[in-house]
Amino acid sequence: MLIMSTPMRSETIRVIGIDPGFDRMGIAIIERSKEKKEKLLWSACVESSRTLSFEDRLVVLANEFERVLQEYVPSILSIEKIFFTKNQRTGIAVAEARGMLRYLARKHTLSIMEYTPQEIKQSVTGYGNADKKQVAHMVSLLLTLPPARRHDDEYDAIAAGLTALGHLR
């Protein structure tokens with residue numbers, strides 16, 4: 036976990052949670068009020084077209100990330116670390132997307148907090164090997180979510196944001 040210049044804990048804190056990817060990127064804005072209550076302000080799963088070049092897909096993700104930064108003005112980026120499986124080519128592309136997001140976060144003066152998938156699962160469910168359904172269920176219990184159909188990436192982004200807020204307690 037990397038923490039850089041985190042804000043005072045007595046103020047309202049706004050976090051942008053990211054489940055990084057170049058095909059689909061989960062993104063969420065979560066706020067903790069002075070009363071210590073977490074609230075989901077917005078979330079989505081941003082998709083880039085497979086017909087675009089990799090560079091153009093990064094532009095799609097970067098434009099949406101910056102739009103959300105400008106609209107919600109978070110102070111912290113909470114981003115999932117890369118988990119390499121069998122496909123190293125996909126892992127490298129996700130690493131490049133993460134690098135772009137981290138660069139933009141620092142450009143906009145956000146602090147950066149990074150967590151492994153297991154750390155996020157542990158923080159949200161109490162079990163580091165929880166499956167996607169368990170994470171989604173616990174996110175739904177921890178926050179009042181407006182009814183919507185969500186991708187796993189979106190739930191993972193919300194969970195990343197909650198993890199950062201949990202570590203700031």
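All the letters of the sequence shown, read from the start, carry residue numbers 36 to 204 under the numbering used here.
Glycine residues also receive a C-beta, built at the ideal position from the N, C-alpha and C atoms.
- Item | Three or more C-beta pairs below 8 Å linking the segment 176-190 and the segment 48-64 | yes
- Task: Would you please state the rounded distance, in angstroms, between the beta carbons of GLY52 and GLY163? I believe it to be under 8 Å.
- Result: No, GLY52 and GLY163 are not in contact; Cβ-Cβ is about 18 Å, not under 8 Å.
- Message: Does the contact criterion of 3 or more C-beta pairs under 8 Å hold for the segment 130-139 versus the segment 165-173?
- Response: no
- Message: I'd like the list of long-range same chain contacts for LYS116, defined as Cβ closer than 7 Å, with 5 residues on each side in sequence excluded.
- Response: GLU149, TYR150, THR151
- Item | Cut-off 6 Å between Cβ atoms - residues of its own chain near LEU112, not counting five sequence neighbours on either side | ILE51, ALA140, LEU145, ILE147
- Cβ shell of ALA194 (< 6 Å), same chain only, five flanking positions each side left out: ILE155, VAL159, VAL170, VAL174
- Might you give, ordered along the chain, the residues of its own chain that have their beta carbon closer than 7 Å to the beta carbon of ALA165, omitting 5 neighbours on each side? LYS156
- Query: How is ARG137 classed by DSSP in three states: helix, strand or coil?
  - Reply: helix
- Task: Note the first and the last residue of the continuous beta strand (DSSP E) segment covering VAL50.
- Result: 48-54
- Item | Limits of the unbroken alpha helix (DSSP H) element including ARG92 | 89-107
- Message: Could you compute how far the alpha carbon of ALA199 sits from the alpha carbon of LYS69?
- Response: 16 Å
- Message: Is it buried or exposed, PRO55, if we count other Cβ atoms within 10 angstroms and call 16 or more buried?
- Response: buried
- Give a yes or no on whether the C-beta atoms belonging to PHE100 and ALA128 are separated by under 8 Å. no
- Message: Using CA atoms only, rank isn't needed, just tell me which of GLU46, LEU177, ARG124 is closest to SER110.
- Response: GLU46
- Beta-bridge pairing of VAL81 - partner residues as DSSP gives them: MET60
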